[in-house]
Ligand code: PPS
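Structure (structure tokens):
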């Protein structure tokens with residue numbers, strides 16, 4: 000049992016390179032050994048992110064687009080496996096004879112299985128909100144063994160990159176530098192919040208012209224369905240099935256608040272400044288630090 004005020008992470012090795020990476024408590028080496036066997040298929044769609052940036056939301060949007068507005072039936076993990084947790088056997092069992100397979104992963108770019116025609120969507124969210132969401136995530140899942148998690152402790156680890164999946168900053172840089180590659184679509188949680196319609200159309204276009212055409216025919220009937228079914232209130236209602244009601248305490252739901260700027264209720268002025276300095280240091284060289292320039296509500300003092 001870990002110190003209950005500190006989240007439990009585990010250190011596991013990449014089966015080929017031997018590189019160590021931090022994973023959520025509960026992950027095991029056998030999962031990674033299996034995941035490495037997965038061969039990307041030409042039609043695969045990978046939904047990628049650093050944790051807590053809107054992955055589940057994007058998974059649902061992609062699902063709804065390619066399944067013509069039909070909801071996921073039951074637990075999302077059964078329909079959209081998480082590669083490094085589900086492994087290759089489970090992932091390969093997802094029937095892709097009619098619809099493309101969707102795979103979730105938090106891997107950095109190099110570790111994601113590649114195929115020249117597969118699609119890779121990467122979503123990010125401002126790191127101040129991502130750490131807050133991550134805090135409630137760790138507190139709520141038994142695997143982290145930290146029901147009394149201390150926000151300040153987690154914050155210190157977060158800004159040092161001493162959390163799962165290389166931490167936020169290097170992960171985002173890694174993917175942002177590849178954003179112009181033909182089969183990568185780089186998305187912002189805050190853009191989806193402000194204008195879901197345009198972002199969903201952008202995603203559909205990226206997935207294939209036929210999806211864009213489905214969405215826009217008949218007075219955009221399908222598009223309206225996708226917007227509605229992927230909205231925060233709709234996903235909140237569906238979350239008992241989607242995420243599994245038994246996996247979280249009632250007061251710590253997975254689909255929690257879904258807001259931009261919740262960090263203002265959690266970060267001290269010092270922590271906010273530490274984040275801003277890091278965003279500059281890590282994001283200025285490649286330019287991702289300016290991604291929120293058009294989102295005045297993200298940063299209190301801009
Ligand atoms: S995970 O565990 O990494 O897969 O988590 P992830 O899905 O990336 O992030 C969870 C946060 O996304 C919010 N969310 C949404 N926001 C807006 N609209 C919709 N439809 C939506 N669905 C999920 C979810 O509530 C988590 O954010 P917080 O801030 O904790 O509410």
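In this note's numbering, the protein residues as written are 0 to 301.
Just so you know, even glycine gets a beta-carbon here, dropped at the ideal spot from N, CA and C.
When secondary structure is reduced to three states using DSSP, residue 154 falls in the helix class.
Bounds of the alpha helix (DSSP H) holding residue 272 are 268–282. Counting along the chain, residue 116 sits inside no beta strand (DSSP E), nor does DSSP assign it H or E at all. The straight-line gap separating the alpha-carbon atoms of residue 143 and residue 131 is approximately 16 Å. Ranked by Cα distance from residue 174, the first of 223, 106, 264 is 106. A distance below 7 Å between beta-carbons, with the five flanking residues on each side excluded, links residue 23 to the following residues of its chain, in chain order: 8, 142, 143, 163. As the crow flies, the alpha-carbon of residue 275 is around 42 Å from that of residue 98. Taking the CA atoms as reference points, residue 77 sits about 27 Å from residue 171.
Within the same chain, and ignoring the five residues on either side of residue 261 in sequence, the residues whose Cβ sits closer than 7 Å to its Cβ are 128, 131. In this model, residue 194 and residue 201 are separated by some 11 Å (Cα to Cα). Look at residue 93 here: in three-state DSSP terms it is coil, with no helix or strand label. The DSSP-derived three-state label of residue 147 is coil. For the pair residue 151 and residue 243, the Cα-to-Cα distance works out to about 29 Å.
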